[in-house]
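Engineer: So that we are looking at the same thing, I have put the structure below in structure tokens.
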Amino acid sequence: MEELHQHHAHHHHHHHHFSMCSCDFIRLLWSLVVPCAYLSLLLTLVLLLLVLGVRVWLRGRRTARRAQAGSSGPAVAFFHPYCSAGGGGERVLWCSLRALMHRYPSVSFVVYTGDQGVTGEQILDGARQRFNVTLPRPVTFVFLHHRTLVEATSYPHFTLLGQSIGSMFLGWEALTAFAPDLYVDSMGYAFTLPIFRYLGGCKVASYVHYPTISTDMLSVVRERNPRFNNADFISRNPVLSALKVVYYCCFALLFGLAGSCSDIIMVNSTWTLGHILALWRSPSRTSIVYPPCDVRAFLDIPLEDEEDGTEEDETGEGWEELGSEEGGGGGGGERKCHTVVSVGQFRPEKDHRLQIQAFSKLLDRRGEGPGGRESLRLVLIGGCRNQEDEERVLMLRGLCQELGVSDRVDFKLNVPFEELKRELVGATVGLHTMWNEHFGIGVVECMAAGTVVLAHKSGGPKMDIVVPYEGGPTGFLADSEDGYAAAMETILALSPAARLEIRRNARRSVERFSDQEFQACFLAAMEPLTCELER
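To convert, count from 1 in the sequence shown and add 299; that's our numbering.
Written out as structure tokens, the structure is:
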């Protein structure tokens with residue numbers, strides 16, 4: 300009994316001691332909370348003062364610049380580190396500038412570019428040659444020196460995060476070099492938007508071609524599917540896959556916060572709209588502005604029935620070349636040689652490998668002899684942005700040799716617009732293989748030029764471009780090597796009259812993607828910001 304009493308006393312003493320410890324601990328925490336709160340408040344004030352200081356300093360620079368230039372006119376700046384790249388995004392840049400210059404004569408324009416070793420004049424010449432776009436007034440180029448900060452090769456791991464943080468530093472370099480009144484991110488660097496809005500005190504707008512992160516990317520990792528942006532060792536490991544999903548979710552949250560800083564948001568397709576609304580959650584400020592495609596330059600080419608021979612005559616140069624290479628021969632009603640043309644930059648996501656593999660399969664199915672492999676040719680037309688892209692072309696050439704199709708595949712890099720036009724006009728099939736392409740300017744150009752288009756069954760081509768026109772087909776869609784080979788075979792097996800019907804529908808349907816249409820939609824979307832500039 301006594302023993303039990305002692306046990307109780309001991310237990311009570313232990314409990315009392317524990318409660319005293321916990322009280323001391325809470326007291327200690329409470330004594331730390333107040334200094335921490337003060338410290339947080341102090342740091343917040345310091346940060347606010349710093350931001351205000353930077354804003355005042357940049358406003359002073361802006362005023363000094365205006366006084367120096369002898370004009371009080373506002374300035375609009377476009378952030379486009381790769382403005383010589385020659386892709387669809389660059390076409391949007393030049394057409395946007397042209398539209399704003401015509402509409403607002405008192406505004407001056409600036410382009411932040413990371414291109415080195417070129418002059419502004421050379422950049423504008425490139426735009427003139429490749430896109431058929433001439434600006435009515437001069438534009439000032441601000442050359443940035445740290446473009447490597449946004450290049451994927453600089454970040455072997457955590458690439459998205461690295462590029463995004465890098466873009467903030469590059470944005471800071473741009474802002475300190477030139478402080479505009481209105482900032483337009485035309486390349487999708489959302490993390491630069493808060494820099495210009497809060498530090499620069501600028502109005503900000505963005506044109507989004509492709510969300511940096513999308514729900515599709517999350518599903519690729521969740522389903523542990525190896526793709527160009529999901530390494531095999533991650534897709535094979537459930538723990539690494541789970542960690543990557545958490546990383547992507549956190550990044551998506553930050554991306555959403557950065558993007559929601561934008562006063563005006565323009566997206567290039569229904570597919571992009573869905574993702575941007577899910578991530579940026581600003582429906583009232585978001586609108587679709589389809590990118591400008593130079594359809595008018597192709598529409599002056601008459602669409603003749605292949606059997607008439609008119610089209611062959613029009614593109615005489617191309618056919619003579621092919622005839623001399625292949626020793627002539629053939630003839631008859633059907634076209635003697637069919638060209639499959641692909642237009643797109645040599646980037647990994649464009650999936651040129653799939654094009655070559657599907658074409659190789661098609662050649663195997665056709666066999667030798669007349670109308671066989673000798674009558675088919677694949678032409679890959681595209682721009683190379685950097686060393687990495689050039690190495691990719693070498694790898695693709697290697698793949699052609701491996702599959703034994705080098706003699707039937709041509710690579711045409713950084714070609715001027717006239718040559719692109721000539722190739723498209725002479726082609727039978729326009730090929731596109733990018734999974735979830737945000738829009739697909741190359742697809743539109745192929746349709747306008749009169750080729751029968753075969754695009755990837757996803758993203759912009761599926762939702763906005765290769766859609767029925769007045770109930771008639773405008774092209775074909777596929778999503779696998781066998782699917783592409785079979786679809787190409789189907790197109791080539793159609794009668795010229797059936798092909799002509801598809802080509803006519805396609806051409807009529809793409810008139811809604813013209814430069815004029817883009818100009819009207821772009822100016823309407825920008826109006827709330829640009830009308831403030833004029834005040």
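Glycine residues also receive a C-beta, built at the ideal position from the N, C-alpha and C atoms.
Give the range of the beta strand (DSSP E) segment to which Ser659 is assigned.
Structural biologist: No beta strand (DSSP E) holds Ser659; the alpha helix (DSSP H) holding it covers 651-665.
Engineer: What is the DSSP secondary structure of Asp484, reduced to helix, strand or coil?
Structural biologist: Asp484 falls in the strand class under three-state DSSP.
Engineer: What does the Cβ neighbour count give for Gly739, buried or exposed, with the cut at 16 atoms within 10 Å?
Structural biologist: Buried, since its Cβ has 16 or more Cβ neighbours within 10 Å.
Engineer: Rounded to the nearest angstrom, what separates Val724 and Pro591 at their Cα positions?
Structural biologist: Approximately 20 Å between the Cα atoms of the pair.
Engineer: Say whether chain D places a C-beta atom closer than 8 Å to the C-beta of Val640.
Structural biologist: Any reference to chain D falls outside this structure, which holds one protein chain only.
Engineer: Using three-state DSSP, classify Leu578 as helix, strand or coil.
Structural biologist: Reduced to three states, the DSSP call for Leu578 is helix.
Engineer: From the DSSP output, in three-state form, read off Ile512 for me.
Structural biologist: In the structure shown, Ile512 sits in coil (DSSP, three-state: anything other than H, G, I, E or B).
Engineer: Can you list, in chain order, the residues of its chain with a C-beta nearer than 6 Å to that of Ser466? Leave out the 5 residues immediately preceding and following it.
Structural biologist: Excluding sequence neighbours, Ser466 sits near Val449, Tyr488, Phe490, Thr491.
Engineer: Let's see if you can read the secondary structure: which residues bound the alpha helix (DSSP H) around Ala376?
Structural biologist: Unbroken run through Ala376 is the beta strand (DSSP E), 374-378; no alpha helix (DSSP H).
Engineer: If you follow the alpha helix (DSSP H) that Phe550 is in, where does it begin and where does it stop?
Structural biologist: Segment 537-558, the alpha helix (DSSP H) holding Phe550.
Engineer: What does DSSP give as the partner residue(s) for Tyr506 in the beta ladder?
Structural biologist: Per DSSP, Met565.
Engineer: Are the beta-carbon atoms of Tyr547 and Met516 separated by less than 8 Å?
Structural biologist: Yes, the Cβ-Cβ distance between Tyr547 and Met516 is below 8 Å.
Engineer: Given a threshold of 16 other Cβ atoms within 10 Å of its Cβ, counted over all protein chains shown, does Asp781 qualify as buried or as exposed?
Structural biologist: Classification for Asp781: exposed.
Engineer: Is Ile563 closer than 8 Å to Met825 when the C-beta atoms are compared?
Structural biologist: Going by C-beta atoms, Met825 is nearer than 8 Å to Ile563.
Engineer: Pick out whichever of Asp706, Gly703, Arg696, Val704 has its Cα sitting closest to the Cα of Leu712.
Structural biologist: Here the closest residue by C-alpha is Arg696.
Engineer: Are the beta-carbon atoms belonging to Phe597 and Glu744 less than 8 Å from one another?
Structural biologist: Yes, the pair counts as a contact, with Cβ atoms nearer than the cut-off.
Engineer: Output the distance between the C-alpha atoms of Val503 and Ser518, rounded to the nearest integer angstrom.
Structural biologist: Approximately 31 Å between the Cα atoms of the pair.
Engineer: Compare the beta carbon distance of His755 and Thr773 with 8 Å and say whether it is the shorter of the two.
Structural biologist: It is not a contact, given that the beta carbons lie outside the stated cut-off.
Engineer: Arg665 and Asp709: beta carbons closer than 8 Å?
Structural biologist: The answer is no: Cβ separation not under 8 Å.
Engineer: Where does Leu572 fall in DSSP's three states?
Structural biologist: Three-state result, Leu572: helix.
Engineer: For Ala796 and Ala557, I'd like the C-alpha separation in whole angstroms.
Structural biologist: Their Cα atoms are separated by approximately 52 Å.
Engineer: Under DSSP, the beta strand (DSSP E) around Thr412 begins and ends at which residues?
Structural biologist: Segment 407-412, the beta strand (DSSP E) holding Thr412.
Engineer: Please check the pair Gly386 and Gly758, which I expect to be a contact at CB under 8 Å, by giving their CB distance rounded to whole angstroms.
Structural biologist: Gly386 to Gly758, Cβ: 16 Å. No contact.
Engineer: Kindly give me the distance between the Cβ atoms of Ile575 and Val483, rounded to whole angstroms, as I take these residues to be in contact under 8 Å.
Structural biologist: Going by Cβ atoms, the distance from Ile575 to Val483 rounds to 16 Å, so no, they are not a contact pair.
Engineer: Per DSSP, which one or two residues make a beta bridge with Ile680?
Structural biologist: Partner(s): Val642, Lys711.
Engineer: With H, G and I counted as helix, E and B as strand and the rest as coil, what does DSSP make of Ala726?
Structural biologist: Coil, per DSSP.
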